[in-house]
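Residue numbering for the sequence shown follows this note's numbering, starting at 647 and increasing by one per position. C-beta: ideal position from N, C-alpha, C; glycine also. Treat the numbers as computed from the prediction; the structure is a model and nothing was measured.
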Amino acid sequence: MGRGKIVIKRIDDSTSRQVTFSKRRKGLIKKAKELAILCDAEVGLIIFSNTDKLYDFASSSMKSAIERFNKTKMEQQQLLNPASEVMFWQREAATLRQELHSLQENHRQLMGEKLNGLSVNELHNIESRLEMSLHGIRKKKEQMLTDEIKELTKKRNLIHHENLELSRKVQRIHQENVELHKKAYAASSTNVLGLGELEDAADESHAQVRLQLSQPEQSCYDSSSKS
């Protein structure tokens with residue numbers, strides 16, 4: 647036999663009403679957790695019992711959920727009511743004009759203008775603000791100069807290192823040139839000696855040829871003597 651339909655109305659018996667509240671509250675919170683997890687939704691649940699006891703659940707935080715609710719509700723109301731939206735932007739514009747006027751007044755006072763009517767305490771506050779501003783400016787300037795000096799020192803050390811490397815390279819190239827010069831000089835000396843030996847050998851062979859050519863003349867002279 648199936649379960650009968652439950653009539654939705656206030657339960658008169660306080661004990662039954664409290665039991666039903668406890669069961670349904672737990673079930674509602676369970677469903678809210680499941681909805682947040684399954685659907686990646688931001689859920690905020692607030693329950694007050696008839697004894698003013700608070701029960702709540704929020705998937706992220708109750709504060710963010712309430713702020714999001716109020717913001718979205720206000721935007722929806724502005725879209726539904728154009729006059730309200732116009733008034734909202736008018737208030738925003740008035741607030742911005744007031745802030746701009748205040749900033750302009752502060753700027754003039756810091757520049758030494760519009761000081762009439764200010765009390766001694768107000769002038770002292772302006773002086774303190776200027777001193778704090780100057781202190782911050784000097785500190786920032788000092789930091790920038792220190793950083794610049796560090797950067798220049800780093801560049802100087804790098805250039806010095808590069809100069810040392812270039813000096814070593816120049817010395818190596820000079821040493822190689824000296825070695826090449828010595829080798830070239832030794833090779834030229836050897837070539838000169840070789841040419842001298844060749845000239846001496848050529849002179850000797852030429853003398854031998856002359857001797858050989860002169861022999862027939864001597865033989866002719868001898869034959870004429872005999873006759």
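Three-state secondary structure (DSSP) of residue i
| i | result |
| --- | --- |
| Ala704 | strand |
| Leu764 | coil |
| Val824 | helix |
| Gly758 | coil |
| Asp793 | helix |
| Lys699 | coil |
| Asn727 | coil |
| Val732 | helix |
| Ile652 | coil |
| Ile819 | helix |
| Ile657 | coil |
Length of the line joining the Cα atoms of residue i and residue j
| i | j | result |
| --- | --- | --- |
| Asn696 | Gln664 | 9 Å |
| Glu759 | His770 | 15 Å |
| Ala740 | Phe734 | 10 Å |
| Leu764 | Ile772 | 10 Å |
| Lys881 | Ala682 | No information on residue 881 is available, as it lies outside the stretch 647 to 873 that the chain covers here. |
| Glu777 | Gln817 | 59 Å |
| Ala711 | Leu761 | 48 Å |
| Arg814 | Ala830 | 24 Å |
| Arg802 | Glu794 | 12 Å |
| Glu751 | Gln736 | 23 Å |
Delimiting residues of the alpha helix (DSSP H) encompassing residue i
| i | result |
| --- | --- |
| Ile683 | Ser660 to Cys685 |
Run of the beta strand (DSSP E) containing residue i, from where it starts to where it stops
| i | result |
| --- | --- |
| Ile692 | Gly690 to Phe694 |
Anticipated Cβ contact below 8 Å, residue i with residue j, distance rounded
| i | j | result |
| --- | --- | --- |
| Glu688 | Ser706 | 6 Å |
| Ala729 | Phe703 | At roughly 38 Å, the Cβ-Cβ gap does not stay under 8 Å, so Ala729 and Phe703 are not in contact. |
| Thr666 | Ile657 | 6 Å |
| Leu746 | Arg775 | Rounded, the Cβ-Cβ distance is 19 Å, inconsistent with contact. |
Exercise. Per the contact definition of three or more C-beta pairs closer than 8 Å, is the region 805-815 in contact with the region 783-797?
Worked result: no
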